[in-house]
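Asks:
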Amino acid sequence: MDKRITVLAGDGIGPEIIREAVKVLDRVAAVYGHSFDYTYVDIGGCSIDKYGVPITDEGMQTCLQADSVLLGAVGGPKWDNCPPQIRPEKALLAVRKTLGLFANLRPTKLFPQLAEASPLKASVIGGGIDLLIVRELTGGVYFGKRFTGEEDGEVAAHDDMTYRESEIRRIGRVAFETARLRRGKLASVDKANVLDTSRLWRRIMHELSEEYPDVAYSDILVDNTAMQLIRNPAQFDVIVTENMFGDILSDEASMLTGSIGMMPSASLSDGTLGMYEPIHGSAPDIAGMNIANPLGTILSAAMMLRYSFAMAKEADSIEQAVNTVLDEGYRTGDIWAEGTKKVLCSEMGSLVAGKIG
Ligand SMILES: NC(=O)c1ccc[n+]([C@@H]2O[C@H](COP(=O)([O-])OP(=O)(O)OC[C@H]3O[C@@H](n4cnc5c(N)ncnc54)[C@H](O)[C@@H]3O)[C@@H](O)[C@H]2O)c1
22 MDKRITVLAG DGIGPEIIRE AVKVLDRVAA VYGHSFDYTY VDIGGCSIDK
72 YGVPITDEGM QTCLQADSVL LGAVGGPKWD NCPPQIRPEK ALLAVRKTLG
122 LFANLRPTKL FPQLAEASPL KASVIGGGID LLIVRELTGG VYFGKRFTGE
172 EDGEVAAHDD MTYRESEIRR IGRVAFETAR LRRGKLASVD KANVLDTSRL
222 WRRIMHELSE EYPDVAYSDI LVDNTAMQLI RNPAQFDVIV TENMFGDILS
272 DEASMLTGSI GMMPSASLSD GTLGMYEPIH GSAPDIAGMN IANPLGTILS
322 AAMMLRYSFA MAKEADSIEQ AVNTVLDEGY RTGDIWAEGT KKVLCSEMGS
372 LVAGKIG
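Using my numbering, read the sequence shown as starting at 22 and increasing by one per residue.
(1) For PRO98, count neighbouring C-beta atoms within 10 Å of its own C-beta (all shown protein chains included) and say buried if the count is 16 or more, exposed if not.
(2) How far does the alpha helix (DSSP H) with TYR53 in it reach, from first residue to last?
(3) Buried or exposed: where does GLU41 fall if 16 or more other Cβ atoms within 10 Å of its Cβ makes it buried?
(4) Just to confirm the assignment: which complete beta strand (DSSP E) runs, minimum length 3, are found wholly within the region 160-248?
(5) Do three or more CB pairs link the region 112-126 to the region 155-166 at distances below 8 Å?
(6) What residues are listed by DSSP as bridge partners for TYR328?
(7) Run the CB neighbour count on ARG108, radius 10 Å, all protein chains shown included, and call it buried at 16 or more, exposed below.
(8) Quick one: is MET167 buried, meaning 16 or more other Cβ sit within 10 Å of its Cβ, or exposed?
(9) Count the other CB atoms within 10 Å of the CB of ASP181; is the residue buried (16 or more) or exposed (fewer)?
(10) Residues in its own chain within less than 8 Å of GLY73 by CB, not counting five upstream and five downstream?
(11) Under a Cβ-count criterion, where at least 16 other Cβ atoms within 10 Å of its own Cβ denotes burial, should LYS142 be classed as buried or exposed?
(12) Taking TYR233 as the reference, give the member of ASN253, ARG220 and GLU198 with the closest Cα.
(13) Roughly how many angstroms separate the alpha carbons of LYS71 and ILE64, rounded to a whole number?
(14) Mapping the DSSP letters down to three states, classify GLU335 as helix, strand or coil.
(15) Span of the beta strand (DSSP E) holding ALA94?
(16) Using a Cβ-Cβ cut-off of 8 Å, state whether SER288 counts as contacting chain D.
(17) Quick one: does the C-beta of GLY302 sit closer than 7 Å to a heavy atom of ligand 1?
(18) When we look at the beta-carbon of GLU228 and count the other beta-carbons within 10 Å, is it buried (16 or more) or exposed?
(19) Looking at ASN311 and ligand 1, is the gap between the Cβ and the nearest heavy atom below 7 Å?
(20) May I ask you to list the residues that DSSP assigns as paired with ARG25?
(21) Suppose only complete runs of 3+ residues qualify. What are the beta strand (DSSP E) ranges in the region 252-332, listed by chain order?
(22) Ends of the alpha helix (DSSP H) at ASP70?
(23) Going along the chain, which residues of its own chain have a beta-carbon closer than 6 Å to the beta-carbon of PHE132, five neighbours each way excluded?
(24) Report the rounded CA-to-CA distance for VAL195 versus LEU270, giving the unit in angstroms.
(25) Assuming LEU289 and MET369 are in contact, meaning their beta carbons sit under 8 Å apart, how far apart are those beta carbons, in whole angstroms?
(26) If you follow the alpha helix (DSSP H) that VAL155 is part of, which residue opens it and which one closes it?
(27) How is LEU114 classed by DSSP in three states: helix, strand or coil?
(28) Do three or more CB pairs link the region 293-300 to the region 75-90 at distances below 8 Å?
(29) Taking the alpha carbon of SER219 as the reference point, which residue from VAL95, ALA237, ASN253 and MET265 has its own alpha carbon closest?
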């Protein structure tokens, strides 16, 4: 299969980790007889330096025309004082909006080899942590009307939170379909005891659950979810929730695995076009040192194969390769522990690529 991938390497460690993901994708292409064609587009600070904007219109068009987009990370201290309209992160919001990326999938998996890195006790980790948060990405309070002004003689601020039935239904479908591909369990997180948006959310999710009788569905309040993630994370398979709750819970969940460098993510649209990126930032403190952990980006590339290209066995082969490399004791600095073998970013990429096929 021929696929066009737009690569947004970005800033800081972005180019280093992307190089390793591309190395692994090239190996997959060679082993399974595919052809991946990469177009590199500047994004974030490097684009601001060259063009004065965090992504150009042509760059955006290249994303729209691709079969999928692979992103490293953007930002860094050099661009912290840019005016708000040209900050590096503006480009990410623009790409999400232009590509219609409404569903953010964040798996949280604790590799048993790295259990020591988790802040949770072994007795709490129990059967292991392997959950997926499906976060609505383009609605809710982050996209509502804002107001700051004088009200009743003092300054007040409002942020409107709106959800439409169609927005809830489409993210709900992604969650139910994803649960079907995993262990068939879905928890929908809301605050239906207080919020109207949550009551509508819950009603639509219940309607959808009747179409998916094979998925074990439950509702859970957001405050209880925050607690349960720490108390017994193994109880969760797929969690679906609205934008702000998902933002907070997915960061909480990511910490359960102990290393931000391991975590991939996918942002999906109505079609097959998606954007795939590690959840961490551009790590300016270690940029250019070839010591970053590329596994979050490599696992994001695996998600790209699974969700955008329907290449399940190829995705499995990357995940299996990561597992084998960890089993053999190879670690980048962030996950290194006594008795394991410390490797550079580029060595880690080569090790994973070498295990494919
Ligand atoms: N999606 C994105 O592009 C994205 C996301 C978050 C932050 N940012 C930006 O990144 C810049 C730095 O942000 P930050 O320092 O708050 O967060 P960060 O995730 O870049 O770094 C936090 C810490 O984790 C370490 N780290 C991160 N990724 C790692 C990896 N792959 N391997 C080893 N260690 C890793 C870093 O060295 C640092 O100590 C800021 O400009 C921020 O705005 C971008």
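Backbone N, C-alpha and C define an ideal beta-carbon position, used for all residues, glycine too.
Replies: The relevant details are as follows:
(1) Residue mapping note: residue 98 aligns to position 77 of the sequence shown, counting from 1. Classification for PRO98: exposed.
(2) Position 32 of the sequence shown, counting from 1, holds the residue named residue 53. 35-53 is the extent of the alpha helix (DSSP H) around TYR53.
(3) Here residue 41 refers to the residue found at position 20 when the sequence shown is read from its first residue. Under this definition GLU41 is a buried residue.
(4) 167-172, 175-180, 206-211 and 237-242
(5) yes
(6) By one-based count along the sequence shown, residue 328 stands at place 307. Looking at the DSSP assignment, TYR328 forms no beta bridge with any residue, so it has no partner.
(7) Residue 108 sits at position 87 when you count from the first residue of the sequence shown. The residue is buried, with at least 16 neighbouring Cβ atoms inside 10 Å.
(8) Residue numbering aside, residue 167 sits at position 146 when the sequence shown is read from its first letter. Here residue 167 turns out to be Arg, not Met, going by the sequence shown. Under this definition ARG167 is an exposed residue.
(9) Here residue 181 refers to the residue found at position 160 of the sequence shown. It counts as exposed.
(10) Residue mapping note: residue 73 aligns to position 52 of the sequence shown, counting from 1. So the list reads ILE107, once near-sequence residues are dropped.
(11) Start at 1 with the first residue of the sequence shown, and residue 142 comes out as number 121. Exposed, because fewer than 16 other Cβ atoms sit within 10 Å of the Cβ of LYS142.
(12) Against the sequence shown, residue 233 aligns to sequence position 212. Comparing Cα positions, the closest option is GLU198.
(13) Position 50 of the sequence shown, counted from the first residue, corresponds to residue 71. Position 43 of the sequence shown, counted from the first residue, corresponds to residue 64. If you take the alpha carbons of LYS71 and ILE64, they lie about 10 Å apart.
(14) Here residue 335 refers to the residue found at position 314 when the sequence shown is read from its first residue. The three-state secondary structure of GLU335, taken from DSSP, is helix.
(15) Against the sequence shown, residue 94 aligns to sequence position 73. From DSSP, the beta strand (DSSP E) with ALA94 extends over 89-94.
(16) Checking the listed chains, one finds no chain D in this structure; it contains a single protein chain.
(17) Stepping through the sequence shown from its first residue, residue 302 is reached at position 281. GLY302: yes, Cβ under 7 Å from ligand 1.
(18) Residue numbering aside, residue 228 sits at position 207 when the sequence shown is read from its first letter. Counting Cβ neighbours within 10 Å, GLU228 comes out exposed, since fewer than 16 surround it.
(19) As a first step, residue 311 must be located in the sequence shown, where it is residue number 290. Checking the Cβ of ASN311 against ligand 1 gives no.
(20) Within the sequence shown, numbered from 1, the residue matching residue 25 stands at position 4. ASP58.
(21) 259-262, 285-289 and 295-299
(22) In the sequence shown, residue 70 corresponds to position 49, counting from 1. 66-72 is the extent of the alpha helix (DSSP H) around ASP70.
(23) As a working note, residue 132 is residue 111 in the sequence shown. Closer than 6 Å at Cβ, skipping near neighbours: LEU347.
(24) On the sequence shown, residue 195 is found 174 positions in, with the first residue counted as 1. On the sequence shown, residue 270 is found 249 positions in, with the first residue counted as 1. For VAL195 and LEU270, the distance between alpha carbons rounds to 18 Å.
(25) Locating residue 289 in the sequence shown gives position 268, counting from the first residue. Locating residue 369 in the sequence shown gives position 348, counting from the first residue. At roughly 27 Å, the Cβ-Cβ gap does not stay under 8 Å, so LEU289 and MET369 are not in contact.
(26) Mapped onto the sequence shown, residue 155 falls at position 134. Run containing VAL155: none in the alpha helix (DSSP H); it sits in the beta strand (DSSP E), 151-157.
(27) The residue given as residue 114 occupies position 93 in the sequence shown. LEU114 falls in the helix class under three-state DSSP.
(28) Flag = yes, the region 293-300 and the region 75-90 touch.
(29) Mapped onto the sequence shown, residue 219 falls at position 198. Selected option, being the one with the closest Cα: MET265.
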